[in-house]
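What follows is one structure encoded as structure tokens, with my remarks underneath.
Numbering (the working numbering), first residue to last: 42 to 241.
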């Protein structure tokens, strides 16, 4: 693939594709899975397990270069269109806060692992009700330029473990200093990748 490859994922990244796409139907639904970052590409019909194939992301791009417009689709988001000539419409496909709906979102704590000692994955994925964790709340659009005062690190008490999806429900223990989109005592869902620190 040439230098115009739009994705940060490698060209040989495995992607899940409906056989109907491989048989010529246009891609109308794209999912960027929250838990593992996998890509899914489907036509305008609900996928069934026997119809799923695994191919290289490069092959999907060769079938339909318009998916390159979705190179920055975040984990846990989906994009849909009614036909191959219509624009993509993006929306979240997860229970976690997003700026458009909630006025904030939770930063991916693993992105800070090069600069900070965050808990390892095993600890982040085995939390129990009653524990407290620190999350990074960003009070700005997901794609906006970062500024020094648009984030606050705050503690959340874990009140429910969702074993089916491996995520958590918690209650905010702090009152934000600079922002009003969420208040002390409010509840929210979060994922192990959001956990920046675990209280002793």
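Even glycine gets a Cβ: it sits at the ideal position worked out from N, Cα and C. Bear in mind the structure is a predicted one, so any value in this text is a computation, not a measurement.
Counting beta carbon pairs with one atom in the segment 88 to 99 and one in the segment 136 to 151, are three or more of them shorter than 8 Å? Counting Cβ pairs under 8 Å, fewer than three are found: no touch.
My guess is that residue 135 and residue 184 are in contact by the Cβ rule of under 8 Å, so how many angstroms apart are they, rounded? Wrong, their Cβ atoms sit about 17 Å apart, outside the cutoff.
Hey, how far is the Cα of residue 144 from the Cα of residue 190? Rounded to whole angstroms, residue 144 and residue 190 show a C-alpha spacing of 15 Å.
Could you tell me which whole alpha helix (DSSP H) segments of length 4 or greater appear in the segment 72 to 127? 98 to 104
Taking the alpha-carbon positions, what's the residue 211 to residue 54 distance? The straight-line gap from Cα to Cα measures roughly 34 Å.
Taking residue 203 as part of the beta strand (DSSP E), name the residues at either end of that continuous run. 192 to 203
Three-state secondary structure (DSSP) at residue 238? strand
Note down, one range per segment and in chain order, each beta strand (DSSP E) of at least 3 residues found wholly within the segment 144 to 198. Fully enclosed beta strand (DSSP E) runs of 3 or longer: 173 to 179.
Expressed to the nearest angstrom, what Euclidean distance is found between the alpha-carbon atoms of residue 112 and residue 60? Between residue 112 and residue 60, the C-alpha separation is close to 22 Å.
Just to confirm, are residue 174 and residue 197 a CB contact at a threshold of 7 Å? yes
Could you have a look at residue 66 and say whether DSSP puts it in helix, strand or coil? Look at residue 66 here: in three-state DSSP terms it is coil, with no helix or strand label.
Going by DSSP in three states, residue 137 sits in which element: helix, strand or coil? Residue 137 falls in the coil class under three-state DSSP.
Where does residue 61 fall in DSSP's three states? helix
Three Cβ pairs or more, each shorter than 8 Å: is that satisfied between the segment 109 to 127 and the segment 156 to 163? no
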